[in-house]
Amino acid sequence: MPHLHIIAGEISGDTHASGLIRELQTLQPEMRFTGLGGQRMREAAGQGIEDWVEKAGVVGLWEVLKMYSYFKGKMTSSTEQILRERPDAVVLVDYPGFNLRLAKAVRAGGYTGKIIYYISPQVWAWKKGRVKVMAKVLDLMICIFPFEKDFYEKSGLPTVFGGHPMVDRVHSLRREWKREPNLVGWFPGSRLNEVRKLFPTMLQAAKAIRLQVPNARFVASAANERLAQQMRDMAEAAAMPEAKAWIEVGTVYDLMQRCQVGAVASGTATLEAACFGLPYALVYHVNQLTYMAAKLVVKIERIGIVNILAKRDVVRELVQAELTSDSLAAEMASLLTDHDRRAALEKDLADVVATLGEGGAYRRAAEAVIATMEK
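And the structure:
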């Protein structure tokens, strides 16, 4: 019975890993799975997956440092489990801070099975030198952006471009919604520290937008009920109790199709918004220590994947000090009132999305995993 150990550490990784698992089960129904992930992976693979995503999915240097002992313990237990059980392959899904260290640890411990990376880490943005190390410990990289294949292969790491899973996902989630005039969508992220940083600014921006666009309406996406309650509390603290009625849970993809414009937290959701054609601005704000540390290692001018793929500024990036309630309000008001600008942005987003492949990403990734395991 083939045995695959798979690790994802964030909600998006849990989603991608569960899609990969289901395709692997279709191709090899007898395959057994162990590892770390989230609820979707457990639903797909069973009790061999430990659900740790909610605790593991923290963002920021300081936030990670506060949980150092937790992550050290997970690193030790995961390494020991892999070396003890000797799975046929280990699949690491995104989450490079943990997963790349784990790959080196199990190789150093004598693991000789296949190590496959899915959802390639963006080392081209921050630590290009890591690619040489990755080429020594990994057997295959499965990337989801077309430009990444040449980047990794130049270092001798076998690489497959599997296409972006978002393409399939958007096809399945697309509805017959029509964009509602003057509806502004707030998408403050799926992590509590993101929401704490971004949603208060969005609330204040809403006040300023109404001064410029009096008939503007607002809706806010909460990833779960716990975050929704935090957002309701923020609305109360901002003396905007009416804003509690804006908050919806579990409707993010519908909102991305209904809203005329939006503001989206940096991360996976910005590409989702692009795939749904939502004219949006990217917003990003983290602890200043985290931001300063990131600036020392990040080697790219833009942080939004749409802008990186386009090699130019397609969407406006409001980052750190540039993100204020006034700057956010001005950008949303501009997109609401300037039809030509909004239409041009929609076309640019469609052009970028067209580079991501035509679907079937999880199936191609599963085929690549099995082919590598059988070598």
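1171 is the number that my numbering gives to position 231 of the sequence shown; each next residue is one higher, with no gaps. Note that the Cβ used here is the ideal one computed from N, Cα and C, for glycine as well. Keep in mind the model is a prediction, meaning the values are calculated, not measured.
**Asked** If you scan the stretch 1136-1205 from start to end, which runs of the beta strand (DSSP E) of 3 or more residues do you find wholly inside it?
**Response** The qualifying runs are 1157-1162, 1187-1189, 1199-1205.
**Message:** Can you tell me whether Asn-1155 is buried or exposed? The criterion is at least 16 other CB atoms within 10 Å of its CB, across all chains shown.
**Reply:** Label assigned to Asn-1155: exposed.
**Request:** Say whether the stretch 1021-1032 touches the stretch 1046-1060, bearing in mind that this needs 3 or more beta-carbon pairs closer than 8 Å, one atom from each stretch.
**Result:** Flag = yes, the stretch 1021-1032 and the stretch 1046-1060 touch.
**Collapsed DSSP secondary structure at Asp-1291 in the structure displayed** = Helix.
**Asked** In chain order, what residues of the same chain have a beta carbon less than 6 Å from the beta carbon of Asp-954, not counting five sequence neighbours either side?
**Response** Cβ within range, chain order: Ala-948, Gly-977, Gly-978, Arg-980, Met-981, Val-993.
**Asked** Which whole-angstrom value is the C-beta distance of Ser-1265 and Ala-1148, which I expect to be below 8 Å?
**Response** The pair is a contact, with the Cβ atoms about 6 Å apart (cut-off 8 Å).
**Message:** For Met-1106, tell me which candidate among His-1225, Gly-959, Phe-1087, Ala-1178 has the shortest Cα-Cα distance.
**Reply:** It is Gly-959.
**Request:** Would you identify the three-state DSSP class for Glu-950, choosing helix, strand or coil?
**Result:** DSSP places Glu-950 in coil when its eight states are reduced to three.
**Asked** Under the rule that 16 or more other beta-carbon atoms within 10 Å means buried, what is Met-971, buried or exposed?
**Response** Classification of Met-971: buried, given that the 10 Å Cβ count is 16 or more.
**Prompt:** Got a sec? Which residues, its chain only, sit under 7 Å from Lys-1217 by beta carbon, not counting five neighbours each side?
**Reply:** A small fix is needed here, since residue 1217 is Gly in this sequence, not Lys. For Gly-1217, where only same-chain residues beyond five positions count, the Cβ hits under 7 Å are Glu-1286, Leu-1289, Ala-1290.
**Message:** Going by C-alpha to C-alpha distance, which of Phe-1087, Gly-997, Lys-1006, Gly-988 sits closest to Ser-1018?
**Reply:** Checked all of Phe-1087, Gly-997, Lys-1006, Gly-988; the closest Cα to Ser-1018 is Gly-988.
**Item:** Burial state of Lys-1118 (16 or more Cβ within 10 Å)
**Value:** By the 10 Å Cβ count, Lys-1118 comes out exposed.
**Item:** Minimum C-alpha distance to Pro-1219 - residue among Lys-1184, Leu-1275, Val-1226
**Value:** Closest option to Pro-1219, judged by alpha-carbon separation, among Lys-1184, Leu-1275, Val-1226: Leu-1275.
**Request:** Look at the alpha carbon of Glu-1307 and the alpha carbon of Tyr-1092, and state the distance between them as a whole number of angstroms.
**Result:** One C-alpha to the other measures close to 20 Å.
**Request:** Counting only the same chain and skipping the five closest in sequence on each side, list residues whose C-beta sits under 7 Å from that of Ala-1075.
**Result:** Hits under 7 Å: Ser-1095, Gly-1096, Leu-1097.
**Asked** What runs of the alpha helix (DSSP H), each 4 residues or longer, lie entirely inside the stretch 1081-1140?
**Response** Fully contained in the stretch 1081-1140 are the following alpha helix (DSSP H) runs of length 4 or more, in chain order: 1088-1093, 1105-1113.
**Message:** Considering Cα atoms alone, identify which of Pro-969, Val-1077, Gly-1103 is closest to Ala-1305.
**Reply:** When only C-alpha atoms are compared, the closest one is Gly-1103.
**Message:** I believe Val-1192 touches Phe-1127 by the beta-carbon criterion, under 8 Å. Please report the beta-carbon distance rounded to the nearest angstrom.
**Reply:** In this structure, Val-1192 and Phe-1127 form a Cβ contact; the two beta carbons are roughly 7 Å apart against a cut-off of 8 Å.
**Per-residue DSSP class, three states only, for Ile-1056** = Ile-1056 falls in the strand class under three-state DSSP.
**Item:** Under the three-state DSSP convention, the category Gly-977 falls into
**Value:** In this structure, DSSP gives Gly-977 an extended state, which the three-state scheme calls strand.
**Request:** Can you say whether Pro-1036 is buried or exposed, counting buried as having 16 or more other CB atoms within 10 angstroms of its CB?
**Result:** Its Cβ being crowded by 16 or more others within 10 Å, Pro-1036 is buried.
**Asked** In the structure shown, what three-state DSSP assignment does Arg-972 receive?
**Response** The answer is strand: DSSP assigns Arg-972 an E or B state.
**Request:** Taking Leu-1296 as the reference, give the member of Phe-1011, Asp-1108, Val-1046 with the closest Cα.
**Result:** It is Asp-1108.
**Asked** Asn-1122 and Arg-1157 look like a contact to me (Cβ under 8 Å); what is the Cβ gap, rounded to whole Å?
**Response** Contact between Asn-1122 and Arg-1157 holds: their C-beta atoms lie close to 6 Å from each other, under 8 Å.
**Item:** Member of Arg-1252, Arg-1281, Tyr-1302 whose CA lies at the smallest distance from the CA of Val-1292
**Value:** Nearest C-alpha to Val-1292 among Arg-1252, Arg-1281, Tyr-1302: Arg-1252.
**Item:** First and last residue of the uninterrupted beta strand (DSSP E) at Ala-1030
**Value:** Reading off the sequence, residue 1030 comes out as Val, not Ala. Looking at the DSSP string, the run of the beta strand (DSSP E) that includes Val-1030 is 1029-1033.
**Item:** Through-space distance from Glu-1262 to Ile-1243, alpha-carbon basis
**Value:** In this structure, the CA atom of Ile-1243 is about 14 Å from the CA atom of Glu-1262.
**Prompt:** Using the beta-carbon count (16 or more within 10 Å), is Leu-1195 buried or exposed?
**Reply:** Leu-1195 should be labelled buried.
**Request:** Return the Cβ separation of Ser-1130 and Ile-951 in integer angstroms, given the expectation that the two are a contact with Cβ distance under 8 Å.
**Result:** About 5 Å; that satisfies the 8 Å criterion.
**Prompt:** What are the boundary residues of the alpha helix (DSSP H) that includes Ala-1214?
**Reply:** Segment 1208-1215, the alpha helix (DSSP H) holding Ala-1214.
**Message:** I'd like the list of long-range same chain contacts for Ala-1213, defined as Cβ closer than 6 Å, with 5 residues on each side in sequence excluded.
**Reply:** Cβ neighbours of Ala-1213 beyond the five flanking positions: Met-1196, Val-1204, Tyr-1220.
**Distance, Ala-1162 Cα to Ile-1187 Cα** = In a straight line, the C-alpha of Ile-1187 is about 7 Å away from that of Ala-1162.
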